[in-house]
Each structure stands twice: as structure tokens, then as C-alpha cells.
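S.K.: Before I ask anything, let me first share the structure, which is written out below as C-alpha cells.
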Amino acid sequence: MKRISFLFKLSFFGGIVAILTGQRKKLEETQSQKSTLSSELKKIDTNIKEIDLGIRSSKVTIEKLDLEMGSLQEDISDSETGLEVKERALGEVLRQLQQRENENILFLLLKNKTLSDGVFDIQSLQDMNSDLLVRIDELNQAKNNLEVVLGKTASVKSQKEVEHQTLQNKKVIADDLKQEKNQFLEETKNKEKIYQESLKELEERQLAIALEIEKMETELRSQINYKNLPKNIPGFLSLPVINFSSVTQEYGATKFAQRAYKGKWHNGLDFGAPLGTPVYAAQDGLVVSVENQDRYCYRGAYGKYVAIRHYSGLTTLYAHLSMYVVNEGDKVERGQVIGYVGKTGYATGPHLHFTVYDSSTFRVEGSASCGPKMPLGGDINPRNYLAL
């Protein structure tokens, strides 16, 4: 009955997640509108609603983990009770054997009035020895079962802690988005003409930045020494985003690059994902750069980004983040949360831009068009190392 109730509650929470997913898809439909003041405001409102959905989703996940934790605690209690029973049974068998430990087979035969009674006594002693072995096996199995349940409990507890931290970070992201909306309204004074003028200036600046990056990285790509790089093995790098909808832009001379960058190059993969989706380190490594370019180059390039130098000869870049949770100099592990999906920098909607560089070509230096900390390098197709 306990298990049925538990499964029913999980099914209920699954239904809530499905509803939230449906609402999120409707929100994503507003991302491809013509850029006007009203459409830009609508996109910002959409992003706020999306992160609010993410907050609700995290709360549902935490409640689900609480249910699992409660069920596991009951399993632990049952396992501990069973273990105590088996320990007592084993103790009783040992006590009986200790009472008869000095009785050898000849003594057992002679102390009984008949031979059959002596044989029965010997058989009884052998049965007790066999029972002892069974009790020991049962006790070991009970201990193993308890260890499994304790392991699951520790895993669920760890998941809950991560999800709780994700929830708190999503709340910070929501506050940032609301502040962004207020700043946008203040700068445009809610007038279309002012917005269109600022949009034209922004597009010109974005193009200048893209051309500058392309010029420098074309040279750096020619310096890549492929012989010193890891072999192309899918899964060599783990996926930087797990819950992504699709790869929204491929690597290289894509249609978007031809349109947005005037025929230039897209130096990574774009993973479409909701705002606030966790972003993970693709491999063990050292954080070599963390920056928010929007502080001095608003919507111009990568926005909030993290760059990690790995011990394999590769460096990875995670861009357009809504938040990063690591610092320069940090050592990170494969699969560790380093930030959250956003739309900072030059981004039309929430996604993660993921670039893989040859570490020997990677650098962070000043940009004439976009401030003091621009990540640059000889880029490689991320699909060479990802299991997609």
C-alpha cells in the first residue's frame, strides 16, 4: 500500500512537469518575432515567465525528492529491524552451539541409551551448524541490502542539495531579468523611435565585433596542431547541457552565420534550452576565465561566459550564461555545475553557446570593439568529441 501511494504521488508530480513543459513550449513561440519595442518587451516578459516556470519545476523536483527520501527512510527502518531480528537468531544458534562445543561424536553416542538416540543427537548438532551458515548468509544479505538503501538515500540527498541550490540561483536569475526589464524601459523611455535607433547601433556594433573575432580566429585556426589533439571520440567530452531541446545552430559556415555575420564562421554549437537550465563542465580542468562582457559590451558578444582549460589539450567555452557559479583559478570536475543557460551577450533567445579550442591557441585578450576580455582561439568542431 505504501509503494502504491508513493507511485501515485510520483505520477502526480510527473503530470505537473508535463504541464510546465507545455507552458514552456508556448512561451518559446514568442522568440521569433520581428524586433520592435513591444516585441522586445514581450521577449523579456517571456524570459521572466520561463524562469518562473523553472522555479516551479525545481520546487516540484524537490518535493518529489522529499517523497523518495521519505520512502527510503522507511526502507532503512525496515532493513534495520530485519537486521536486528537476524542478529538475534544468529546469536541464539551460536549460544546453543557453545553449550555443546565440548561434546564429540563418541560422547554423543555413549551418553544416549540407544544408538538411534545418539545418531539423532549427532544429526541435531549438524543441523545447528548448517543453520548457523544459513543465518550468517541471511545476515550478510541484510547488511548488503541496508548498504544499498543507504547509498540510494545519500544519492537522493545529494540531488536534493543540488536542486535546492539550483532553485536559489534561479531566483537570482529572475531578479536579474526583472532588473533588465526596468533598465530597458528606462533607456528607451518606452518609445519605438529611441528603441529602433539603439537597435541599429547595436547591430552595427555586433557586426564589427563578429568581423574582428573572425579575423583573429581565422589565423588561430591555421595554427591548430591536430597531431597533438585527442582523437575524435564521441563522449570524450560530456554534454555541457543535459536537458536541451535541440542543437539550434551547428558549427562552421551555417545559414545563420552567413546571415548574421555576413558569410562568416560560427565557432561552436548552440544548445537550445530554457533559461536557468544547469550547464556542466565537459571534462576535468581549470577555470581560466570568467567574465560578464555585458558590463562594457552590452549584447555585443558572449555576455557571461566561463572558459575551462582541460588536461587533454582542449579548452572549452560556455557562453551567454544567465549566471556562473565558478571563479577563475577553480579546479572543476567533469559534470560539475558551472553556470546556467541564459541569453546574455549577442543572443536572440536562451541557449548555450559551446566552443572547443586547441588549448595551445587559446587566449583571452583585449578587443578593439568589445572591451578587455575576449576569449579567442583555434576552434574545433565540438561534435568530434560529443556523443550527439
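Under my numbering, think of the first position of the sequence shown as -7, with each following residue one higher. Think of the CB as a built atom: it goes at the ideal place given N, C-alpha and C, for glycine as much as any other residue. Keep in mind it's a predicted model, so treat the numbers as computed, not measured.
(1) When we look at the beta-carbon of residue 288 and count the other beta-carbons within 10 Å, is it buried (16 or more) or exposed?
(2) Could you pull out every unbroken alpha helix (DSSP H) segment of at least 4 residues lying fully inside the segment 179 to 261, listed in chain order?
(3) In this structure, how does DSSP classify residue 155 when only helix, strand and coil are distinguished?
(4) Comparing C-alpha positions only, which one of 30, 362, 363 sits nearest to residue 185?
(5) With a Cβ-Cβ cutoff of 8 Å, do residue 305 and residue 220 count as a contact?
(6) Quick check on this structure: which residue in 318, 146, 368 has the alpha carbon closest to the alpha carbon of residue 212?
(7) Can you tell me where the beta strand (DSSP E) holding residue 333 begins and where it ends?
(8) What are the boundary residues of the beta strand (DSSP E) that includes residue 314?
(9) By Cβ distance below 7 Å, which residues in the same chain neighbour residue 141 in space, the five residues on each side in sequence not counted?
(10) Would you give the residue range spanned by the beta strand (DSSP E) that residue 286 belongs to?
(11) Is it buried or exposed for residue 50, if we count other Cβ within 10 angstroms and need 16 for buried?
(12) As a quick exercise: from 263, 355, 257, pick the residue whose alpha carbon is nearest that of residue 234.
(13) With DSSP as the reference, label residue 368 as helix, strand or coil.
(14) Quick check on DSSP: helix, strand or coil for residue 30?
(15) Count the other C-beta atoms from every protein chain shown that fall within 10 angstroms of the C-beta of residue 146, then say buried if there are 16 or more, exposed otherwise.
(16) DSSP on residue 326, reduced to helix/strand/coil?
(17) Relative to the C-alpha of residue 155, which candidate in 54, 81, 282 has its C-alpha closest?
(18) Step through the CB atoms of chain C and report whether any lies within less than 8 Å of the CB of residue 133.
(19) Would you mind sorting residue 97 into buried or exposed? The rule is 16 or more other CB atoms within 10 Å of its CB.
(20) Give the secondary structure of residue 299 by DSSP, where H, G and I count as helix, E and B as strand, and everything else as coil.
(21) Kindly list the residues whose CB is nearer than 6 Å to the CB of residue 166, restricted to its own chain and excluding five residues on each side of it in sequence; keep chain order.
(22) Grouping DSSP H, G and I as helix and E and B as strand, with all else coil, what is residue 346?
(23) Quick one: grab the DSSP three-state call for residue 57.
(24) Suppose the cutoff is 7 Å on Cβ atoms and the five residues either side in sequence are ignored; what does the same chain contact list for residue 282 look like?
(25) With H, G and I counted as helix, E and B as strand and the rest as coil, what does DSSP make of residue 177?
(26) With which residues is residue 263 paired in a DSSP beta bridge?
(27) Nearest to residue 327 by alpha carbon, out of 245, 274, 292?
(28) In terms of residues, what are the limits of the beta strand (DSSP E) holding residue 359?
(29) Starting from residue 270, follow the beta strand (DSSP E) in both directions and report where the run begins and ends.
(30) Within a Cβ cutoff of 8 Å, which residues of the same chain sit near residue 313, ignoring the five residues on either side of it in sequence?
M.R.: To lay it out plainly:
(1) exposed
(2) 184 to 213, 247 to 252
(3) In the three-state reduction of the DSSP assignment, residue 155 falls in the helix class, which pools H, G and I.
(4) 30
(5) For the pair residue 305 and residue 220, the CB atoms are nearer than the 8 Å cut-off.
(6) 368
(7) 329 to 333
(8) From DSSP, the beta strand (DSSP E) with residue 314 extends over 306 to 316.
(9) 64, 67, 68, 71
(10) Membership of residue 286 in any beta strand (DSSP E) is not indicated, and neither H nor E is assigned to it by DSSP.
(11) buried
(12) 263
(13) strand
(14) helix
(15) exposed
(16) Three-state result, residue 326: coil.
(17) 54
(18) You won't find chain C in this structure, because it holds only one protein chain.
(19) Residue placement at residue 97 is flagged as unreliable, the pLDDT there being 46, under the threshold of 50; the coordinate-derived value follows with that caveat. Looking at its Cβ environment, which holds fewer than 16 other Cβ atoms inside 10 Å, residue 97 is exposed.
(20) strand
(21) For residue 166, same chain residues with a beta-carbon under 6 Å away, outside a window of 5 residues either side, are 43 in chain order.
(22) strand
(23) helix
(24) Around residue 282: 298, 316, 318, 319, 320.
(25) helix
(26) Under DSSP, the beta-bridge partners assigned to residue 263 are 239, 344.
(27) 274
(28) 355 to 359
(29) 270 to 272 is the extent of the beta strand (DSSP E) around residue 270.
(30) 271, 295, 296, 297, 298, 331, 332, 333, 334, 336, 344
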